[in-house]
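Q:
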Amino acid sequence: MSPDILLQITLSGITTGAIYAIIALGFIIIFKVSGVINLAQGEFVILGGLAMVTFQASLKWPLPVAFLSSVVVVVALGILIERLAITPARRARGAPLARILIMTIGLSTFIKGGASIIWGKDQYYLPHFTGDKPIFIFGATMLPQHIWILGFTVLIALALALLFSRTSLGKAMLATAENPDAAALMGINVNLIVLVSFALGAGLGAIAGLLVTPITFTGYDRGTMIGLKGFVAASMGGMGSTTWAILGGLALGLAEAFSTLVGFGELKDATSFMILMVILFFMSRGVFARART
Amino acid sequence: MIRTENLCTSYGYVEVLKNVSIEVKTNEIVAIIGANGAGKSTLLRTISGLVKPREGKVYLESQAVSGHPAYRIARSGVSLVPEGRQIFASLSVLDNLMLATNARRGKEARLTIDEDLERVFTLFPVLRERKGQHGGTLSGGQQQMLAIARGLMSRPKVLMLDEPSLGLAPILVDEVMKVIQDLRKQNLAILLVEQNAAAALQIADRGYVLETGRVVLQGGGKELLNNESVKDHYLGSAAFSINQGNPNR
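Going down the list, the sequences are from chains A and B. With this note's numbering applied, the first sequence closes on residue 293, and no number is skipped along the way. With this note's numbering applied, the second sequence closes on residue 542, and no number is skipped along the way.
#1: Could you check how far apart the C-beta atoms of A:ALA40 and A:GLY249 are, in whole angstroms? I think they sit under 8 angstroms.
#2: Could you name the residues of chain B that A:ILE171 contacts, counting a contact when the two beta carbons are closer than 8 angstroms?
#3: Rounded to the nearest angstrom, what separates A:GLY106 and A:LYS229 at their Cα positions?
#4: At which residue ranges does the stretch 342-386 of chain B contain complete beta strand (DSSP E) runs of 3 or more residues, listed in the order of the chain?
#5: B:ALA442: buried (16+ other C-beta within 10 angstroms of its C-beta) or exposed?
#6: Kindly indicate which residue of A:THR216, A:THR213, A:GLY253 has the alpha-carbon position closest to the one of A:VAL232.
#7: If I measure Cβ to Cβ from B:ARG421 and keep anything under 8 angstroms in the same chain, skipping five residues before and after, which residues do I get?
#8: What number of angstroms, rounded off, separates the C-alpha of A:LEU247 from the C-alpha of B:VAL307?
#9: Tell me, please, whether the CB atom of A:GLU178 is closer than 9 angstroms to any CB atom in chain B?
#10: Under the rule that 16 or more other beta-carbon atoms within 10 Å means buried, what is A:PRO3, buried or exposed?
#11: Step through the CB atoms of chain B and report whether any lies within less than 9 angstroms of the CB of A:VAL194.
#12: Alpha helix (DSSP H) containing B:ILE496: first to last residue?
#13: What does a CB cutoff of less than 6 angstroms around A:GLY219 pick up in its chain, not counting 5 residues either side in sequence?
#14: Rounded to whole angstroms, how far is the Cβ of A:PRO144 from the Cβ of A:ILE135, which I believe are closer than 8 angstroms?
#15: Between which two residues does the alpha helix (DSSP H) holding A:TYR20 run?
#16: With a 10 Å radius around its C-beta and 16 neighbouring C-beta atoms as the bar for buried, classify B:TYR364 as buried or exposed.
#17: For chain D, is any of its Cβ atoms less than 9 angstroms away from the one on B:ILE380?
#18: Look up B:LYS400 in the DSSP assignment and say whether it is helix, strand or coil.
#19: By Cβ distance below 7 angstroms, which residues in the same chain neighbour A:GLU256 in space, the five residues on each side in sequence not counted?
#20: Tell me the residue span of the beta strand (DSSP E) that contains B:ARG499.
#21: Is the stretch 27-42 of chain A in contact with the stretch 85-104 of chain A, if contact means three or more CB pairs nearer than 8 angstroms?
#22: So for B:LYS333, helix, strand or coil by DSSP?
#23: Run through chain B and tell me which residues come within less than 9 angstroms of A:ILE188, C-beta to C-beta.
#24: Would B:ARG403 pass as an interface residue toward chain A - the criterion being a Cβ-Cβ separation below 9 angstroms?
#25: Since B:GLN511 is in the beta strand (DSSP E), which residue starts that stretch and which ends it?
#26: Going by DSSP in three states, B:TYR527 sits in which element: helix, strand or coil?
#27: Scan the stretch 315-348 of chain B for residues whose Cβ lies nearer than 7 angstroms to a Cβ of chain A and list them as they occur along the chain.
#28: Could you have a look at A:ILE37 and say whether DSSP puts it in helix, strand or coil?
#29: Name the two residues that bound the continuous alpha helix (DSSP H) containing B:ASN520.
#30: Can you find the residues in the same chain that come closer than 8 angstroms, C-beta to C-beta, to B:VAL419, ignoring five residues on each side of it along the sequence?
#31: Do the stretch 507-518 of chain B and the stretch 344-356 of chain B touch if we need at least three Cβ pairs shorter than 8 angstroms?
#32: Rounded to the nearest angstrom, how far is the Cβ of A:VAL74 from that of A:PHE44, given a contact under 8 angstroms?
#33: May I have the straight-line CA-CA distance separating A:SER70 from A:GLY209, to the nearest angstrom?
#34: Distance check for A:PRO96 and A:SER58, CA to CA, integer angstroms please.
#35: Excluding the 5 residues preceding and the 5 following A:GLU82 in the sequence, name in chain order all residues of the same chain whose CB lies nearer than 6 angstroms to its CB.
#36: Cβ of B:SER522 less than 9 angstroms from any chain A Cβ?
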């Protein structure tokens, strides 16, 4: 085994993992603040890419404008979903977590249907942000898009660290995550904070979709798979902290990449789900311990 | 300052409060005493908006606030120091205190944050020493002090305390009660819920006795302290538990 190939696999694992990490962050922020596991998270990812297809490829908007507009559209959808579906369901006292979980599966199917009406059943791709001329690093190659992905991941991690350690909004989110009743007693509008968490989760999903579409293609029905990968990454991190979600994402990306090495190439997706099953068998209490009303 | 009128609260089909009417004026300490399950905590949770009343009203300075969500009631100046402290264990002591300033409205109230922070640090010097530490690392007594300090940081007109002596060593109970007594001078209406009836009635101007969701007795603090039926039902056992907690006393 040549070191070049190992480096190549590591690099590609890290970039795929970075995408999983961003999606996992969306999962975790929504879960921690609202107690909801949002299985429509993958649809936010796909919609980010598809909106970009419309804005950039069809309408020929410049990249930054199309990028921001796509994020805004998906965030708006996240807000709408939270207000029209999640909040009413959370307000029904004693509504078990499982009921809302099933509802998010319904929402994901609903969004898929909507997307197939708007964008049809074709597969789409997007131009790379800054060309697709490979860069050589010690005998391995990387695309500029990979650098964009890693750069955005670092940026997002830093921005979230600042949000939670330096801003009163971030502190209010942490307080709500820990004890919503006590947070309300502090004058914090808990429903608004939950809304913010959905907006943030949707936005992170959209950014992941925008970043990854140039190298993977996208289509209306791709959300389930990529969303579940993000969920596996979040579970690997124990559904707890943002740092662990990022590590979980990277670990999953690397595991998938190295599974190709041992002849698992066709079973790359299966690798993720084997990991998920192991987590659910041995850590299910850890992952789902935070049942709330 | 704050007044409830025929407050009724149910959990499902269980009626917990039945026509409870109480009042607390500014610069007054009012104690609610009663056995476990008498509805004391539910009364505070209903006033604070965490639980919606089925019937009846809560008035803050003659304005009806019942039915408002808890965060709005907190913002209008009613602060609850909840049972079991419920501080944010994963956040620092300072963050805990600053979070309560979310309840402050208006520019003037925001300008006095530093001043008020200084005031609660003077009141509880240990909090200044530990302001960078996570709330969860504090001892039970320190957490109670943090919870009270946090309640004050919202700059309330009404301060409600739910069992502030619960789980504290007797010497700390005295300390907490002394702090509450001192707070009376600061233009606060204080509503104190206690199972430790003796400790509460000693510092209270007035008191209400709650039994299975009804007010069965009310009167001055000293008056209730000397009331035969209160002595029989609430003071005997409370006094006993105090002695048990500290055999050297």
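All C-beta atoms, glycine included, are put in the ideal place defined by N, C-alpha and C.
A: By the coordinates alone:
#1: On the first sequence, position 40 is the one that residue 40 of chain A refers to. On the first sequence, position 249 is the one that residue 249 of chain A refers to. Contact flag wrong, Cβ pair sits at about 19 angstroms.
#2: Here residue 171 of chain A refers to the residue found at position 171 of the first sequence. Residue 171 of chain A is actually Lys in this sequence, not Ile. Neighbours of A:LYS171 on chain B, chain order: LEU384, ASP388, MET391, LEU392.
#3: For this step, residue 106 of chain A is matched to residue 106 along the first sequence. For this step, residue 229 of chain A is matched to residue 229 along the first sequence. Approximately 19 angstroms between the Cα atoms of the pair.
#4: Listed in chain order, the complete beta strand (DSSP E) runs (minimum 3 residues) inside the stretch 342-386 of chain B are 348-353, 371-374.
#5: Your numbering for residue 442 of chain B matches position 149 in the second sequence. Result: buried.
#6: Taking the first residue of the first sequence as 1, we reach residue 232 of chain A at position 232. When each option's Cα is compared against that of A:VAL232, the closest is A:GLY253.
#7: To locate residue 421 of chain B, count along the second sequence from 1; it is residue 128. Taken in chain order, the residues that qualify are PHE414.
#8: Taking the first residue of the first sequence as 1, we reach residue 247 of chain A at position 247. Taking the first residue of the second sequence as 1, we reach residue 307 of chain B at position 14. Their Cα atoms are separated by approximately 48 angstroms.
#9: The count along the first sequence starts at 1 and reaches residue 178 of chain A at position 178. Under the Cβ distance rule, A:GLU178 counts among the residues neighbouring chain B, one pair being separated by less than 9 angstroms.
#10: Indexing the first sequence from 1 puts residue 3 of chain A at position 3. Of the residues assessed, A:PRO3 falls on the exposed side of the cut-off, its CB having fewer than 16 other CB atoms within 10 angstroms.
#11: Taking the first sequence and counting its residues from 1, one reaches residue 194 of chain A at position 194. For A:VAL194, the answer is no, since every Cβ of chain B falls outside 9 angstroms of its Cβ.
#12: As a first step, residue 496 of chain B must be located in the second sequence, where it is residue number 203. Counting along the chain, the unbroken alpha helix (DSSP H) around B:ILE496 starts and ends at 490-496.
#13: In the first sequence, the residue the question calls residue 219 of chain A occupies position 219. Excluding positions up to five away in sequence, the list reads GLN123.
#14: Along the first sequence, one-based indexing puts residue 144 of chain A at 144. Along the first sequence, one-based indexing puts residue 135 of chain A at 135. Indeed, because the Cβ distance is near 7 angstroms, the residues count as touching under 8 angstroms.
#15: Here residue 20 of chain A corresponds to residue number 20 of the first sequence, with the count starting at 1. Taken as a continuous stretch (DSSP letters only), the alpha helix (DSSP H) holding A:TYR20 covers 3-34.
#16: Along the second sequence, read from residue 1 onward, the residue named residue 364 of chain B stands at position 71. The residue is buried, with at least 16 neighbouring Cβ atoms inside 10 Å.
#17: The displayed structure is made up of protein chains A and B, and chain D is not among them.
#18: Counting from 1 along the second sequence, the entry for residue 400 of chain B is found at position 107. Residue state, collapsed to three classes: helix.
#19: Numbered from 1 along the first sequence, position 256 holds the residue referred to as residue 256 of chain A. Excluding positions up to five away in sequence, the list reads GLY13, THR16, LYS268, THR271, SER272.
#20: Against the second sequence, residue 499 of chain B aligns to sequence position 206. Secondary structure note for B:ARG499: its beta strand (DSSP E) is the uninterrupted segment 499-504.
#21: Three or more Cβ pairs closer than 8 angstroms define a contact, and the stretch 27-42 of chain A meets that threshold against the stretch 85-104 of chain A.
#22: In the second sequence, residue 333 of chain B corresponds to position 40, counting from 1. B:LYS333 falls in the helix class under three-state DSSP.
#23: If you number the first sequence from 1, residue 188 of chain A lands on position 188. Correct list: TYR364, ALA367, LEU392, ASN395, ALA396.
#24: Translated into the one-based positions of the second sequence, residue 403 of chain B becomes position 110. False, the Cβ-Cβ gap to chain A never drops below 9 angstroms.
#25: Counting from one through the second sequence, the residue named residue 511 of chain B turns up at place 218. From DSSP, the beta strand (DSSP E) with B:GLN511 extends over 507-513.
#26: Counted from its first residue, the second sequence places residue 527 of chain B at position 234. It is helical.
#27: Residues of the stretch 315-348 of chain B with a C-beta atom less than 7 angstroms from some C-beta of chain A are SER341, LEU343, listed in chain order.
#28: Here residue 37 of chain A refers to the residue found at position 37 of the first sequence. Correct three-state label for A:ILE37: coil.
#29: The sequence position of residue 520 of chain B within the second sequence is 227, counting from 1. Note, B:ASN520: premise wrong, no alpha helix (DSSP H); not H, not E.
#30: As a working mapping, residue 419 of chain B is identified with position 126 in the second sequence. GLN435, MET438, listed in sequence order.
#31: Because the criterion of three Cβ pairs below 8 angstroms is not met, the stretch 507-518 of chain B and the stretch 344-356 of chain B do not touch.
#32: In the first sequence, counting from the first residue as 1, residue 74 of chain A sits at position 74. In the first sequence, counting from the first residue as 1, residue 44 of chain A sits at position 44. The C-beta distance from A:VAL74 to A:PHE44 rounds to 5 angstroms, short enough to meet the 8 angstroms contact threshold.
#33: For the purposes of this step, residue 70 of chain A is taken as the residue at position 70 of the first sequence. For the purposes of this step, residue 209 of chain A is taken as the residue at position 209 of the first sequence. The straight-line gap from Cα to Cα measures roughly 10 angstroms.
#34: Locating residue 58 of chain A in the first sequence gives position 58, counting from the first residue. Locating residue 96 of chain A in the first sequence gives position 96, counting from the first residue. If you take the alpha carbons of A:SER58 and A:PRO96, they lie about 43 angstroms apart.
#35: Your numbering for residue 82 of chain A matches position 82 in the first sequence. Closer than 6 angstroms at Cβ, skipping near neighbours: LEU195, PHE198.
#36: Position 229 of the second sequence, counted from the first residue, corresponds to residue 522 of chain B. No, because no Cβ of chain A sits closer than 9 angstroms to the Cβ of B:SER522.
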